[in-house]
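Presented below is the structure to which this report refers.
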Amino acid sequence: MSFGWAQEYQPKSGFMRWIDQRMPLPRLVYGAVGGGYPVPRNLNYFWNFGILSGLMLTVQIVTGIVLAMHYYATADGAFDSVEHIMRDVNAGWLLRYSHANGASFFFVAVYIHIFRGLYFGSYKAPRELVWMLGLVIYLLMMATAFMGYVLPWGQMSYWGAQVITGFFSAFPVVGEPLRIFLLGGYAPDQAALNRFFSLHYLLPFVIAGVVILHIWSLHIPGSGNPTGVDVKTEKDTLPFHPFYTAKDGFGVGVFLILYMGVTFFWPDYLGHADNYIPANPLATPAHIVPEWYFWPFYAILRSFTVDFILAAKLWGVLAMFSSILLLFFLPWLDTSPVRSGNYRPVFKRFFWLLVADVFVLGYVGGAEISPVNIALGQFASAYYFAHFLIILPLISKLERPLPLPNSISESVLHGEAEESAPYGLATSGPVTAE
Amino acid sequence: MVRIIGFLVGLAFSGVLLLSLLINGVGAIKEPAEKTAEKAGFLLEPKPLHLASDGPFGKFDRQQLQRGFQIYKEVCSACHSLKLVAFRDLRQLGYTEAEVKAIANQWQTEVPSINPDTGEPATRKAIPSDHFPSPYANETAARAANSNALPPDLSLMTKAREGGAPYVHSLLTGFQPQPAALLKQFPDAKTPPGLYYNPYFANLNIHMPPPLVSDGQVSFADGTKPTVDQMAKDVAAFLVWTAEPKLEARHATGITVLLFLLVATVLAYLSYKNIWAEAKRVVAPKGPLDPENRARRATAMSEAGIEGGPKPDGA
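These protein sequence lines are chains A and B, in that order.
With the numbering used here as the guide, the letters of the first sequence map in order to residues 1 to 434.
With the numbering used here as the guide, the letters of the second sequence map in order to residues 435 to 749.
Here it is in structure tokens:
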């Protein structure tokens with residue numbers, strides 16, 4: 001804990017003191033979960049999504065472990081074993097629907113968490129490592145989700161695996177051998193399915209490990225806050241428990257209502273009908289699309305249609321990987337010393353433009369290919385790169401931010417609700433009386 | 435350095451994308467994509483269909499499922515397998531144990547087995563724990579009997595097609611002669627011999643001959659009039675059950691779970707408000723909500739001509 005006033009662990013009973021003196025495990029856990037952790041007092045509901053992501057990771061691991069007890073990773077039996085879970089395993093349908101929709105809601109939570117970080121400048125010093133570890137988690141999630149989607153061995157599983165591993169063959173010389181090495185064959189088959197299952201079981205635990213690093217590195221500078229102003233005195237903070245545990249409890253309730261509503265009443269809404277057809281290497285589906293959380297990236301991939309120096313496919317693959325990798329450099333691309341978008345009038349406008357842009361990319365990635373959609377995707381992809389690599393560094397140089405409040409507690413006085421809500425969600429901008 | 439490299443990379447990607455946009459745009463204007471009959475409005479959306487199992491409170495109409503099963507048994511099962519469903523599952527449709535046993539025993543296809551004396555391949559009568567046997571020994575046999583088309587397994591049909599149960603209903607009732615307007619617009623799109631025109635099927639021409647051809651093709655024990663439309667509805671309802679046999683349990687559990695979560699969330703909200711109200715009281719006497727600070731602030735704001743500041747009395 002870097003805050004001077006963060007409370008040390010105080011054993012409450014003789015037994016805990018006895019343990020703590022011999023092996024400081026209680027102290028370690030206390031520090032790791034943020035006991036005695038002072039949190040800025042002005043966090044808004046967007047700060048709930050870290051906990052919600054952690055909750056969804058837990059749900060996925062628990063349901064996944066039980067599903068793995070009933071699933072068999074064979075090209076002949078995988079599809080039928082999933083249907084066996086749906087029909088003959090006690091509450092199997094609940095486990096499988098919770099897991100399948102849990103992946104979607106995990107991504108919902110993480111996307112809101114990421115965009116909260118983008119708006120409130122959570123990637124800026126001294127939290128660069130927190131941001132980068134978060135991106136590592138996100139990349140691991142994408143790999144895990146992709147491999148998980150292959151496991152039911154339906155048509156979309158099979159052809160998704162075919163398309164996504166096909167990315168590697170875009171690279172000259174090494175590409176094709178690399179693809180065959182990764183798949184363990186010329187096309188997805190038993191070898192690929194088995195290794196995907198093995199890795200799909202492994203990676204969530206790697207994610208859990210990186211989550212520990214993510215939280216550990218967060219607890220050094222402490223949480224950011226909607227004003228982006230550093231914590232100055234103890235008055236600016238509240239203990240995590242009970243204040244934020246209570247607020248998170250409410251957030252968890254609302255999130256679970258949405259997640260369970262979809263799981264119980266629209267369980268197949270986020271999936272694709274073709275994945276209820278067993279994998280058939282001889283019949284290509286009319287439209288191969290990944291799950292919705294990959295649509296923006298799929299749109300970027302498909303937007304490169306011209307061989308210009310490099311092959312179009314290679315451009316697409318490079319751009320798709322770059323679209324995520326560039327986020328690692330964000331702390332150095334955005335040089336503005338002001339963290340919060342609330343005090344950056346120009347940045348704020350471009351931020352919402354980026355949000356709209358990502359929605360357009362998502363739409364294009366999931367839609368059928370048509371001349372209009374391709375053009376839309378190309379324009380939106382161009383804006384995506386221009387936003388992060390050209391516009392953002394320029395804004396940081398040229399923009400004149402609004403005056404910041406002197407401290408968090410002073411900003412609370414202005415009216416907590418207005419300070420902490422992003423642009424457009426509050427009735428007016430921050431009051432600047434000074 | 436990061437910013438210079440980033441700028442160049444951004445310029446490269448955006449540049450190539452805008453170049454692609456330009457070249458594609460010119461191409462699309464020069465040679466517009468050829469239209470097909472499917473894209474020209476001849477492919478229809480499924481007709482609306484309302485089943486008892488629809489909606490969050492939906493339950494199966496067991497009479498209808500039994501009628502649907504009868505149609506599967508007397509019509510569809512000649513060509514289509516139902517391999518994910520077992521005879522024992524029919525208990526859920528309201529059949530008694532004895533009836534299920536009889537249905538399995540009298541099923542038109544026998545289950546592949548081994549002759550216990552010689553070890554030769556053989557067949558035996560089905561028992562309730564068997565899944566529905568496929569009408570064909572294997573895929574090759576199925577294709578040979580259907581001019582190289584493969585009748586798909588029906589177990590998951592309503593979940594494996596975009597339109598669900600309404601699609602099944604529309605497809606079964608949608609067979610019709612090819613419209614003259616289509617042939618006029620696309621003279622090459624004539625339905626090939628051996629295929630049947632159906633405006634609900636993805637490429638408009640389906641291998642399956644119309645399975646439900648006349649009213650009264652089956653006779654229902656419960657007295658329902660067996661019109662083609664009624665039979666198509668019933669079999670669609672039956673296929674909703676085969677695709678999702680746990681639908682009722684899902685709906686019932688879902689409502690309980692949501693009620694629980696609603697109550698829990700309201701309680702969580704109240705405790706959150708309660709705890710935070712205390713936080714605001716605690717901060718008042720010593721923090722920035724101190725009456726003295728508020729008064730000073732109110733004076734400063736009124737001097738600066740700003741409205742809406744805190745009241746000097748600190749209320």
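Glycine included, each C-beta is placed from N, C-alpha and C at the ideal position.
No experiment lies behind these values; they were computed from the predicted model shown.
- Identification of residues in the region 698 to 710 of chain B having a C-beta nearer than 7 Å to some C-beta of chain A yields Ala698, Thr699, Ala702, Tyr703, Ser705, Tyr706, Ile709 and Trp710, given in sequence order.
- Selection Phe265(A), Ile277(A) and Tyr72(A) evaluated against Pro285(A) yields Ile277(A) as nearest (Cα-Cα).
- The shortest CA-to-CA distance from Met141(A) to any of Arg116(A), Pro188(A), Leu203(A) and Met86(A) is the one to Leu203(A).
- Rounded to whole angstroms, the separation of the alpha carbons of His241(A) and Arg17(A) is 21 Å.
- Runs of the alpha helix (DSSP H) spanning 4 or more residues and lying entirely within the region 541 to 600 of chain B occur at 573 to 579 and 591 to 594, in chain order.
- The region 221 to 268 of chain A contains, as complete beta strand (DSSP E) runs of 3+ residues, the segments 237 to 239 (chain order).
- Per DSSP, the unbroken beta strand (DSSP E) holding Val39(A) starts and ends at Pro38 to Pro40.
- Judged by beta-carbon spacing, Asn90(A) lies beyond the 8 Å limit of Pro226(A), meaning their Cβ atoms are not closer than that value.
- Sorting Tyr158(A), Val39(A), Asp20(A) and Phe181(A) by C-alpha distance to the C-alpha of Phe168(A) places Phe181(A) at the top.
- Ile457(B) reaches chain A at Val306, counting residues in chain order whose Cβ is nearer than 7 Å.
- Under a criterion of Cβ atoms nearer than 7 Å, the residues of chain A adjacent to Pro490(B) are, in order, Phe265.
- Judged by DSSP secondary structure, Gly102(A) falls within the alpha helix (DSSP H) whose first and last residues are Gly92 to Tyr119.
- Look at Lys593(B): its C-beta is under 8 Å from a C-beta on chain A.
- Residues of chain B with a Cβ closer than 9 Å to the Cβ of Met56(A) do not exist; the shortest Cβ-Cβ separation is about 15 Å.
- DSSP places Pro26(A) in the helix class (H, G or I) of the three-state scheme.
- When 7 Å is used as the limit between beta carbons, Ser448(B) is near these residues of chain A: Ala382, Phe385 and Ala386, in chain order.
- Chain-ordered, the chain B residues with CB closer than 8 Å to the CB of Gln378(A) read Leu451, Leu452, Ser454, Leu455 and Asn458.
- Under the Cβ criterion (8 Å, minimum of three pairs), the region 318 to 328 of chain A counts as touching the region 435 to 453 of chain B.
- Within chain A, not a single residue places a beta-carbon under 7 Å from that of Glu472(B); the smallest gap is close to 10 Å.
- In terms of Cβ geometry, Arg595(B) and Ala103(A) do not form a close pair [threshold 8 Å].
- Listed in chain order, the positions of the region 601 to 631 of chain B with a beta carbon within less than 8 Å of a beta carbon of chain A would be empty, since no residue qualifies.
- Legend: CB atoms of the region 524 to 535 of chain B lying less than 7 Å from CB atoms of chain A are not found in any residue.
- For Asp495(B), there is no enclosing alpha helix (DSSP H), as DSSP gives it neither H nor E.
- Distances from the CA of Leu483(B) to each of Trp675(B), Thr625(B), Thr676(B) and Tyr601(B) were compared; the closest alpha carbon is that of Tyr601(B).
- Within the same chain, and ignoring the five residues on either side of Asn639(B) in sequence, the residues whose Cβ sits closer than 8 Å to its Cβ are Thr625, Pro626, Leu629, Tyr630, Tyr631 and Asn632.
- With its beta carbon less than 8 Å from one in chain A, Thr687(B) belongs to the interface.
- Closest option to Lys535(B), judged by alpha-carbon separation, among Asn708(B), Asp656(B), Ala571(B) and Phe521(B): Phe521(B).
- Taking a C-beta distance under 8 Å as the contact criterion, Ser589(B) and Leu518(B) qualify as a contact pair.
- Using a C-beta cut-off of 8 Å, the region 10 to 30 of chain A makes no contact with the region 216 to 234 of chain A, since fewer than three inter-stretch Cβ pairs fall below that distance.
- Chain A has no Cβ within less than 8 Å of the Cβ of Arg496(B).
- The Cβ neighbour count for Thr676(B), taken over all protein chains shown within 10 Å, is at least 16; the residue is labelled buried.
- Scanning Arg195(A), Ala68(A), Phe115(A) and Phe385(A) for the CA closest to the CA of Gly92(A) turns up Ala68(A).
- Within the same chain, Cβ atoms closer than 7 Å to the Cβ of Pro296(A) are found at Val358, Leu361, Gly362 and Gly365, the five residues on either side in sequence being excluded.
- Interface flag for Phe476(B) against chain A is unset, since no Cβ pair is found closer than 8 Å.
- Non-local beta-carbon contacts of Ala78(A) in its own chain, meaning distances under 6 Å to residues more than five positions away in sequence, involve Trp153 in chain order.
- Considered as a whole, the region 355 to 404 of chain A harbours 371 to 386 and 392 to 398 as its complete alpha helix (DSSP H) runs of no fewer than 4 residues, in chain order.
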